[in-house]
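See below for the structure under consideration.
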Amino acid sequence: MDIVLSQRMEGYEEGVFQALNEMLKTRLSRGEKVYDFTVGTPDFEAALYVREAVAKAAADPENYKYSLGDMPELTKALTDRYESRYGVKISASNIASVYGSQEGMAHVAFPFCNPGDVVLVPDPGYPIFSMGPAMAGAKIVKYDLYREKNYILDLADIPEETARAAKMIIVSYPLNPVCTAAPYDFYKDLIAWAKKYQVLVLHDNAYSDIIFDGRKGISFLSLPGAMEVGVEFYSLSKSYNLTGARVSFLIGNEKMVGSFKRFRSQFDYGLFKVVQYAAIAALTLGDEDVRKQCEEYQRRRDLLCGGFRKLGWDMPDSEGTMFAWGAIPAKGMGSVDFVKDLFEKTGVLCTPGISFGARGEGYVRFALNHDEAMIRQALEAAGSYS
Ligand SMILES: Cc1ncc(COP(=O)(O)O)c(C=O)c1O
Numbered sequence: 003m004d005i006v007l008s009q010r011m012e013g014y015e016e017g018v019f020q021a022l023n024e025m026l027k028t029r030l031s032r033g034e035k036v037y038d039f040t041v042g043t044p045d046f047e048a049a050l051y052v053r054e055a056v057a058k059a060a061a062d063p064e065n066y067k068y069s070l071g072d073m074p075e076l077t078k079a080l081t082d083r084y085e086s087r088y089g090v091k092i093s094a095s096n097i098a099s100v101y102g103s104q105e106g107m108a109h110v111a112f113p114f115c116n117p118g119d120v121v122l123v124p125d126p127g128y129p130i131f132s133m134g135p136a137m138a139g140a141k142i143v144k145y146d147l148y149r150e151k152n153y154i155l156d157l158a159d160i161p162e163e164t165a166r167a168a169k170m171i172i173v174s175y176p177l178n179p180v181c182t183a184a185p186y187d188f189y190k191d192l193i194a195w196a197k198k199y200q201v202l203v204l205h206d207n208a209y210s211d212i213i214f215d216g217r218k219g220i221s222f223l224s225l226p227g228a229m230e231v232g233v234e235f236y237s238l239s240k241s242y243n244l245t246g247a248r249v250s251f252l253i254g255n256e257k258m259v260g261s262f263k264r265f266r267s268q269f270d271y272g273l274f275k276v277v278q279y280a281a282i283a284a285l286t287l288g289d290e291d292v293r294k295q296c297e298e299y300q301r302r303r304d305l306l307c308g309g310f311r312k313l314g315w316d317m318p319d320s321e322g323t324m325f326a327w328g329a330i331p332a333k334g335m336g337s338v339d340f341v342k343d344l345f346e347k348t349g350v351l352c353t354p355g356i357s358f359g360a361r362g363e364g365y366v367r368f369a370l371n372h373d374e375a376m377i378r379q380a381l382e383a384a385g386s387y388s
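Residue numbers (the working numbering): 3 to 388.
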């Protein structure tokens, strides 16, 4: 039988990543060294107290039933953490748990956008910001970010008619892949702009716990008026090394959160209780570990960005996230060709900037997912590139 796919599937090509994966497998099969800086999965372990909580919960057969919602202990752990860490007061009606921000992003536009409604997303930016609302039929309009403006959205760059047409805007700082953090005033201006043009704000708060040089990671919701206009995703993936556990929360405006829950209740029966216990342990016991880990990321950042600069690359120090972002040193080469060339010649693999949007062309992204010894080896290997 001829299996005919929907037109929708045309937008879901694996493209460059499939090709890079093949190159990686080939090199590994030849027994050659590979330094893979593409994956945004922390190499750090989940804390022992989280694993113990999981083991205990996993032994109880009651925890295998549909959870049908968050346990009160989880709500308390999250509300306490939001208050102590960010100074934000929330309650159960401001919270929707979800199996990761990635999945949340895939669904977040459904309750708010009719087909054709405009959603503004950053370029460069994390791909699901566009892909998610596009699945809901929204019209994606990219807002360009400029290195000269430190990749901070300048609201004055959004044309009046685009602002008037927009239903939702997605922002996220510190921003993957460009690694810059937004100043407090940016959020103030954003909220005023959102009110003026009646645009819903969605902030992806994936990296406020991984922020460097004394910068303060904040929640968008800590700004006056934020709860009136928007919501944010708060994922435990990166702060607590729980990428595989799939746990995140949509937090903020009660009507938006309630509608998101109503939409998801059509197919979601609640987080696996074992995962809920993992989240409770992380949120209640993790503060000190989160801080220490951020320091380790900063040491890696110093080494990697500083090391590439010594090699002549243009790679500023990341201000936050678990990544680094640099201009490709080879003149006139596109980011995909450069990534392939660098990998073939040195075994160092990074992500082409073009995969984060047209404005990412000319750049590459490195994940800070290896220890310092491995970063030193990779720098040495990259030093032989010509
Ligand atoms: C900006 C951003 N948002 C969301 C995610 C995915 O988070 P989760 O694991 O909660 O789906 C990532 C993962 O790299 C990310 O970089």
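We treat Cβ as the ideally placed atom computed from N, Cα and C, and that holds for glycine.
The structure displayed is predicted, hence computed values, not measured ones.
- The beta-carbon distance between Tyr199 and Arg166, rounded to whole angstroms, is 6 Å. This is short enough to meet the 8 Å contact definition.
- The beta-carbon distance between Ile253 and Tyr236, rounded to whole angstroms, is 6 Å. This is short enough to meet the 8 Å contact definition.
- In this structure, ligand 1 has a non-hydrogen atom nearer than 7 Å to the beta-carbon of Gly42.
- For the pair Phe345 and Asn178, the Cα-to-Cα distance works out to about 22 Å.
- Residue pairing by DSSP places Trp327 opposite Arg367 in a beta bridge.
- Counting only beta-carbon distances shorter than 6 Å to the non-hydrogen atoms of ligand 1, the qualifying residues in chain order are Gly42, Gly102, Ser103, Gln104, Tyr128, Ser174, Asn178, Asp206, Ala208, Ser237, Ser239, Thr245 and Ser250.
- Judged by beta-carbon spacing, Ala329 lies beyond the 8 Å limit of Asp319, meaning their Cβ atoms are not closer than that value.
- With a threshold of 16 other beta carbon atoms within 10 Å, Gln268 falls short and is exposed.
- Taken in chain order, the complete alpha helix (DSSP H) segments of 4 residues or longer contained in the stretch 65 to 93 are 74 to 88.
- No Cβ-Cβ contact shorter than 8 Å links Ile160 with Tyr175.
- Here Ser210 has Gly219, Ile220 and Ser221 as same chain residues with Cβ atoms under 7 Å from its own Cβ, once five neighbours each way along the sequence are excluded.
- Assigned with DSSP and collapsed to three states, Ser224 falls in helix.
- Secondary-structure assignment with DSSP links Glu234 through a beta bridge to His205 and Ile253.
- Around the beta carbon of Gly334, a 10 Å sphere encloses fewer than 16 other beta carbons of the protein chains shown; the residue is thus reported as exposed.
- Within the DSSP bridge table, the entry for Leu351 names Asp38 as partners.
- Residues of the same chain with a CB within less than 7 Å of the CB of Arg217, apart from the 5 flanking positions on each side, are Ala183, Glu321 and Gly322 in chain order.
- If you check the CB distance, Asp125 and Leu157 do not come in under 8 Å.
- 8 Å or more divides the Cβ of Leu192 from the Cβ of Val90.
- By the Cβ neighbour-count rule, Lys257 is exposed, with fewer than 16 other Cβ atoms within 10 Å of its own.
- For Gly364, the closest C-alpha among the options Glu374, Ala380 and Val180 is that of Val180.
- Closest in C-alpha terms to Asp289, from the list Thr77, Ala49, Leu122 and Lys275, comes Ala49.
- A residue is called buried when at least 16 other Cβ atoms come within 10 angstroms of its Cβ; Gly42 meets this threshold and is buried.
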